[in-house]
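Asks: I have a structure I would like to understand better, so I am pasting it below and will then ask my questions one at a time.
Residue numbers (this note's numbering): 781 to 1014.
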């Protein structure tokens, strides 16, 4: 049942905030690891070349970790869940290093700052809004599937207009998903999750992964828009 944030007792509010503190801490750790590995890899031509030669394998491994963590969340310990999340973040750093070959450092920095601002705003909205966002879940899922299909089709069409359209839709969609997922995590925390417990820690890690995915996808779509303005290295 949807709960309005301003109707919570002080003790419940403290519990929810504690859960989100853990979630955002894990998310921040993951993003930091991704950024550090991406930066170091981009500065090492040999390692960057190796990543380029094996980028498809890296992507498949990352997908396996994401789906595996979601599927096995109830069967693994919090320690295993956290290791898998950080492993995913590290591998993502390797693949993100390839962005340095396509985009200027100034564009990457600007896209990150803009995405961080948008993410923070939408996550705050999701946490504080009095509106129940769960009813939009099916719509967001269908929009996500449609976006993926459109991007796959454009691999063959190579339409610049389609890139523009999918990039703008992608930014809007993952902004909406950020608010949706934040509220979903809030409702999960309201279910009596103790942030200091084993279950609470696992859910915090899973929540961090969810919001991490929202952020990096938003960032990638913002970066694509910057690339379309003509500042990319192609």
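The beta carbon of each residue, even a glycine, is placed where N, CA and C say it ideally should be.
Here the structure is a predicted model, which is why all the values come from computation and not from measurement.
Here's the rule: buried if 16 or more other CB atoms are within 10 angstroms of the residue's CB, otherwise exposed. What is residue 982?
Replies: buried
Asks: When the Cα atoms are used, what is the spatial distance from residue 799 to residue 809?
Replies: The C-alpha of residue 809 is placed about 16 angstroms away from the C-alpha of residue 799.
Asks: Between 867, 875, 804, 866, which lies nearest to residue 1015 when the distance is taken from Cα to Cα?
Replies: With the chain running from 781 to 1014 in the structure shown, residue 1015 is simply not present.
Asks: Beta carbon of residue 899, beta carbon of residue 962: below 7 angstroms?
Replies: no
Asks: Quick one: is residue 851 buried, meaning 16 or more other Cβ sit within 10 Å of its Cβ, or exposed?
Replies: exposed
Asks: Measuring CA to CA, which of 872, 892, 828 is closest to residue 840?
Replies: 872
Asks: So, at 6 angstroms on beta carbons, what are the nonlocal neighbours of residue 802 in its own chain, with the 5 sequence-adjacent residues on each side left out?
Replies: For residue 802, the CB contacts under 6 angstroms within the same chain, skipping 5 residues up- and downstream, are 975, 984 in chain order.
Asks: State the DSSP-derived secondary structure class of residue 1005, mapped to helix, strand or coil.
Replies: Reduced to three states, the DSSP call for residue 1005 is helix.
Asks: Just the C-alpha distance for residue 879 and residue 869, rounded to the nearest angstrom, thanks.
Replies: 16 angstroms
Asks: Which runs of the alpha helix (DSSP H) fall wholly inside the stretch 880-920 and span at least 4 residues, in chain order?
Replies: 885-908
Asks: Please state whether the Cβ-Cβ distance between residue 822 and residue 877 is less than 7 angstroms.
Replies: yes
Asks: Are residue 998 and residue 954 closer than 7 angstroms when you measure CB to CB?
Replies: yes
Asks: Check each candidate in 944, 848, 804 and name the one with the smallest Cα separation from residue 904.
Replies: 804
Asks: Apart from the five residues just before and just after residue 1001, which ones in its own chain have a Cβ nearer than 6 angstroms to its Cβ?
Replies: 947, 950, 951
Asks: Starting from residue 838, trace the alpha helix (DSSP H) both ways and give me its first and last residue.
Replies: Counting along the chain, the unbroken alpha helix (DSSP H) around residue 838 starts and ends at 835-852.
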